[in-house]
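Step one of this worksheet: look at the structure below.
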Amino acid sequence: MTKIKTIGVLTSGGDAPGMNAAIRAVTRAGICQGYNIKGILRGYDGLINNEIVDFTTENVSGIIMSGGTILKTARSKEFRTVEGRKKAYDNMVANNIDALVVIGGNGSLTGAMMFAQEYDICCIGLPGTIDNDLYGTDSTIGYDTTLNTIVECVDRIRDTAQSHERIFFVEVMGRDAGFLAQNSAIASGAEAAIIPEDSTDVDQLARFMERGIRKSKKSCIVIVSESPKCGALYYADRVRNEFPDYDVRVSILGHLQRGGRPSAHDRILASRTGVGAIDAIRQGQRNVMVGVRNNEVVYIPLSEAIRSDKPFDKKLITVLDELSI
0 MTKIKTIGVL TSGGDAPGMN AAIRAVTRAG ICQGYNIKGI LRGYDGLINN EIVDFTTENV
60 SGIIMSGGTI LKTARSKEFR TVEGRKKAYD NMVANNIDAL VVIGGNGSLT GAMMFAQEYD
120 ICCIGLPGTI DNDLYGTDST IGYDTTLNTI VECVDRIRDT AQSHERIFFV EVMGRDAGFL
180 AQNSAIASGA EAAIIPEDST DVDQLARFME RGIRKSKKSC IVIVSESPKC GALYYADRVR
240 NEFPDYDVRV SILGHLQRGG RPSAHDRILA SRTGVGAIDA IRQGQRNVMV GVRNNEVVYI
300 PLSEAIRSDK PFDKKLITVL DELSI
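If you count by numbering that gives the first Met the number 0, then the sequence shown holds residues 0 to 324, one letter each, in order.
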């Protein structure tokens with residue numbers, strides 16, 4: 000096995016608060032352990048287009064508190080092709096990069112796994128996604144900050160909901176994972192959360208309307224996980240059609256959720272996993288994601304991190320139901 004001397008680091012997919020803290024940790028821990036560090040701009044596209052720069056400790060000075068990513072990010076269509084990955088590998092070789100640290104979510108780590116399998120290279124993943132949907136880590140980088148952003152927004156929306164006695168459907172990110180919706184609903188005192196993990200034969204909206212709307216509670220907040228078919232707009236239209244006496248509004252938080260200064264929790268998680276990535280490389284580990292579980296740094300095969308369903312605690316649904324009466 001070739002001795003690793005130079006490590007490349009990139010951010011890929013949607014940005015998440017704490018990515019800069021992770022870049023800083025990988026860079027400084029790597030330099031501390033004697034590695035050369037190279038920053039790759041614009042995710043896998045930057046690897047394909049040879050946008051690669053030498054990184055020193057000064058490059059990451061003063062970024063731990065910043066949202067977004069100084070390396071920029073992208074969702075690369077070209078990297079999904081055999082030809083694109085070949086270009087990326089050739090540029091790795093040309094820049095003497097022996098290992099790759101990829102900070103991103105499910106799609107980004109899937110790309111890292113494919114890349115590693117095709118070219119027998121060391122790829123280490125860091126869980127950078129606000130959705131919290133990667134298996135093997137209690138939390139992902141960016142999730143805590145996003146959760147707090149949502150709660151702050153919902154607190155403000157509730158002022159208007161109560162003033163006008165309205166039902167507000169607030170749509171949050173998460174795609175196929177309801178962690179953001181369920182936990183922000185509990186934290187903000189919302190009356191209900193509509194999430195994919197609770198999608199049974201029971202009509203979630205009908206159940207909420209039967210249980211949650213009472214004469215003593217004329218304003219309500221419902222948090223909805225984003226969905227192309229059944230998002231907040233869908234449920235709001237249903238209420239307007241099925242319960243025309245209610246005044247209904249929709250607020251889609253969108254990209255507002257991604258930005259902002261990372262919380263202390265996300266900065267610490269990013270720092271620990273960034274150092275953990277360098278430790279994994281030193282130990283000779285390959286193709287793993289670094290997570291934190293039960294307050295311990297753990298290493299999960301990329302195949303498990305992206306393919307296994309992250310357990311959702313169904314007791315959280317009961318907690319919200321009981322507290323929203």
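Glycine included, C-beta positions come from ideal geometry on N, C-alpha and C.
Since the structure is predicted, the reported quantities are computational estimates derived from the model, not experimental observations.
- For K85, the enclosing alpha helix (DSSP H) has its first and last residue at 81 to 93.
- Around the beta-carbon of C31, fewer than 16 other beta-carbon atoms lie within 10 Å, marking it exposed.
- The three-state secondary structure of M172, taken from DSSP, is coil.
- It is roughly 38 Å from the alpha-carbon of D175 to the alpha-carbon of N94.
- In the DSSP assignment, I22 falls within the unbroken alpha helix (DSSP H) covering 18 to 31.
- In this structure the segment 255 to 265 does not touch the segment 93 to 107; the number of beta carbon pairs closer than 8 Å is below three.
- Counted as a single uninterrupted DSSP element, the beta strand (DSSP E) harbouring Y298 occupies residues 295 to 300.
- Counting of Cβ neighbours within 10 angstroms places E321 among the exposed residues, the total staying below 16.
- Bounds of the alpha helix (DSSP H) holding M113 are 105 to 118.
- If one requires a minimum length of 4 residues, the alpha helix (DSSP H) runs lying completely within the segment 235 to 289 are 263 to 281, in chain order.
- Looking at A24, R23, V25, S75, the one whose alpha-carbon comes closest to that of S11 is S75.
- If you draw a straight line from the Cα of D246 to the Cα of G104, it comes to about 38 Å.
- Note on geometry: alpha-carbon atoms of N58 and I51 lie some 13 Å from one another.
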